[in-house]
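Taking the working numbering, the leading residue of the sequence shown gets 12, the next gets one more, and so forth. All C-beta atoms, glycine included, are put in the ideal place defined by N, C-alpha and C. Please read all numbers here as calculations on a predicted model, not as lab measurements. The structure appears right after this line, and notes come after that.
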Amino acid sequence: MEKTNVMRILEQKKIPYTSHCYVDTGVISGTDVAAVLGEDPNRVFKTLVTIGNSNNHYVFMIPVHRELDLKKAAKSVGEKNIGMLKAKDLLGLTGYIHGGCSPIGMKKQFKTVIDRSAMNVNTIIFSGGKIGYQVEMPLDALKRVLRFELEDIAASD
């Protein structure tokens with residue numbers, strides 16, 4: 012298994028993590044990733060990049076089987092409205108492509124909000140920065156490499 016930039020950053024900072032690989036499965040959707048890994052979708056998080064009315068960018072992480080509530084998300088970052096970043100703009104802004112976007116190692120650190128439900132699990136699993144790779148760690152470890160807030164940002168089931 013190859014090391015991604017996310018894994019290198021974590022190792023450089025001596026932050027323990029578990030890596031998961033699902034290369035060559037053709038799987039991209041978050042719920043399919045959870046299924047291929049045999050993991051509870053409540054522990055597998057997707058990374059979403061948005062843009063606010065102010066033209067500031069924000070990163071939101073929510074469980075893969077849920078949708079981002081744009082009103083709650085906007086409120087959590089003090090914006091009137093936010094919208095999803097177009098996939099074609101993702102690489103230039105973050106250095107990552109759609110399906111392989113990680114909150115760790117972006118070109119620039121954006122305000123990041125993780126859905127509060129992450130507090131209900133011991134570890135969360137999220138993109139390792141490349142399609143086919145995920146990393147798993149507790150929120151306490153993630154806090155050592157990423158500044159984030161916990162808010163209720165996922166749409167109600």
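- Membership of Val44 in the alpha helix (DSSP H) is indicated by the continuous run 41-48.
- Residue environment for Thr58: buried (at least 16 other C-beta atoms within 10 angstroms of its C-beta).
- Checking the DSSP bridge columns, you'll see Asp51 has no partner listed.
- In terms of CA proximity to Ala165, Lys86 leads the group Tyr107, Ala46, Ile108, Lys86.
- When only Cα atoms are considered, Phe71 and Thr61 end up about 8 Å apart.
- Going by DSSP, Gln23 is part of the alpha helix (DSSP H) stretching over 16-23.
- Lys99: member of the alpha helix (DSSP H) spanning 98-105, first to last residue.
- Under the three-state reduction of DSSP output, Ala85 falls in the helix class.
- Beta-bridge pairing by DSSP links Gly111 to no other residue.
- In the three-state DSSP reduction, Ser65 falls in the coil class, being neither helix nor strand.
- By the Cβ neighbour-count rule, Ile108 is exposed, with fewer than 16 other Cβ atoms within 10 Å of its own.
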